[in-house]
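Here's the structure we're looking at; comments come further down.
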Amino acid sequence: GEDVEQSLFLSVREGDSSVINCTYTDSSSTYLYWYKQEPGAGLQLLTYIFSNMDMKQDQRLTVLLNKKDKHLSLRIADTQTGDSAIYFCAAERMNYGGSQGNLIFGKGTKLSVKP
Amino acid sequence: DTGVSQDPRHKITKRGQNVTFRCDPISEHNRLYWYRQTLGQGPEFLTYFQNEAQLEKSRLLSDRFSAERPKGSFSTLEIQRTEQGDSAMYLCASSRNTEAFFGQGTRLTVV
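Sequence lines, in order, name chains A and B. If you want my numbering, it's the position in the first sequence, counting the first as 1, plus 6. If you want my numbering, it's the position in the second sequence, counting the first as 1, plus 1015.
Have a look at this one:
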């Protein structure tokens, strides 16, 4: 079945760049997403990328997509302590009717930012 | 109306009781989703509505679970005869097209 995998932990120093990686199995996913979750809270949509794009930049966030390898990454420039959270990669699940918009999530990468 | 609203935020119930959660989506969002998230996992899809029609249900949604969206606006998720394994965060999301926005979730603890 469809699957999304991420490494579970990443630790960086404040001011460094963070790179969170994700692989997915469903090559027909039209959109791929990054969400952020802080403790006890819901999910905050950070950014998404359309499958025919290689890169998308939004302020400190850069998303890279390698569709051939089904690999997605999120780079956070100048990482701050406020960026400490769990980051989820999600792929749009396709079925016989096309996209219904429901998402398959990875287990999340816990980003720790040390001062 | 600035986001998806879920009520209650926390619910503690005894095993065997019924519980109902409510989700108010962002206005004019025709799609509404329910997900369940357990500790250390990503959210797992439960069910999806387009307007008032429930179009898809996950096999995770056992017979004890039922969801409604009677007028295509707010939605309710009911769990009957709760079990300890139902303890989780229940998340609601809504979308109009590409971007799905999540609420803060309802944390259910079954004791």
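Where is the CB? At the ideal position from N, CA and C, for every residue including glycine. Please read these numbers as outputs of a predicted model, since none were measured by experiment.
* Beta-carbon of A/Lys62 versus every beta-carbon of chain B: anything under 8 angstroms? -> Chain B, which has no Cβ nearer than 8 angstroms to the Cβ of A/Lys62, makes this no.
* Outcome for B/Asn1033 when other beta-carbon atoms lying within 10 angstroms are tallied against a minimum of 16 -> Counting every other CB atom within 10 Å of its CB across the protein chains shown gives B/Asn1033 a total below 16, marking it as exposed.
* By Cβ distance, which residues of its chain are closer than 7 angstroms to B/Ser1102, with the 5 residues on each side in sequence left out? -> Excluding sequence neighbours, B/Ser1102 sits near Leu1123, Thr1124, Val1125.
* Asked: Assuming A/Leu14 and A/Lys116 make a contact with CB atoms under 8 angstroms, what is their CB distance in whole Å?
  -> Confirmed, Cβ separation roughly 7 angstroms.
* Thinking C-beta only, is A/Ser23 closer than 8 angstroms to A/Arg81? -> Yes, the Cβ-Cβ distance between A/Arg81 and A/Ser23 is below 8 angstroms.
* Run the CB neighbour count on B/Pro1054, radius 10 Å, all protein chains shown included, and call it buried at 16 or more, exposed below. => Just to set this straight, residue 1054 of chain B is Leu in the shown sequence, not Pro. Around the Cβ of B/Leu1054, a 10 Å sphere holds fewer than 16 other Cβ atoms; the residue is exposed.
* To do: Return the chain-ordered ranges of every beta strand (DSSP E) run that is complete within the segment 1021-1073 of chain B and spans a minimum of 3 residues.
  => Listed in chain order, the complete beta strand (DSSP E) runs (minimum 3 residues) inside the segment 1021-1073 of chain B are 1025-1028, 1034-1039, 1046-1052, 1059-1065, 1068-1072.
* Whole-angstrom C-beta distance between A/Ser57 and A/Thr36, which should lie under 8 angstroms -> Between A/Thr36 and A/Ser57, the beta carbon gap of about 5 angstroms places them in contact (Cβ cut-off 8 angstroms).
* To do: Could you please give me the residues that DSSP links to A/Lys73 through a beta bridge?
  => Answer is none; A/Lys73 lacks a bridge partner.
* Would you mind listing the beta strand (DSSP E) stretches within the segment 18-104 of chain A that are 3+ residues and don't spill past its ends, in chain order? => Counting only runs of 3 or more, we get 24-30, 37-43, 49-56, 61-64, 67-72, 77-82, 91-101.
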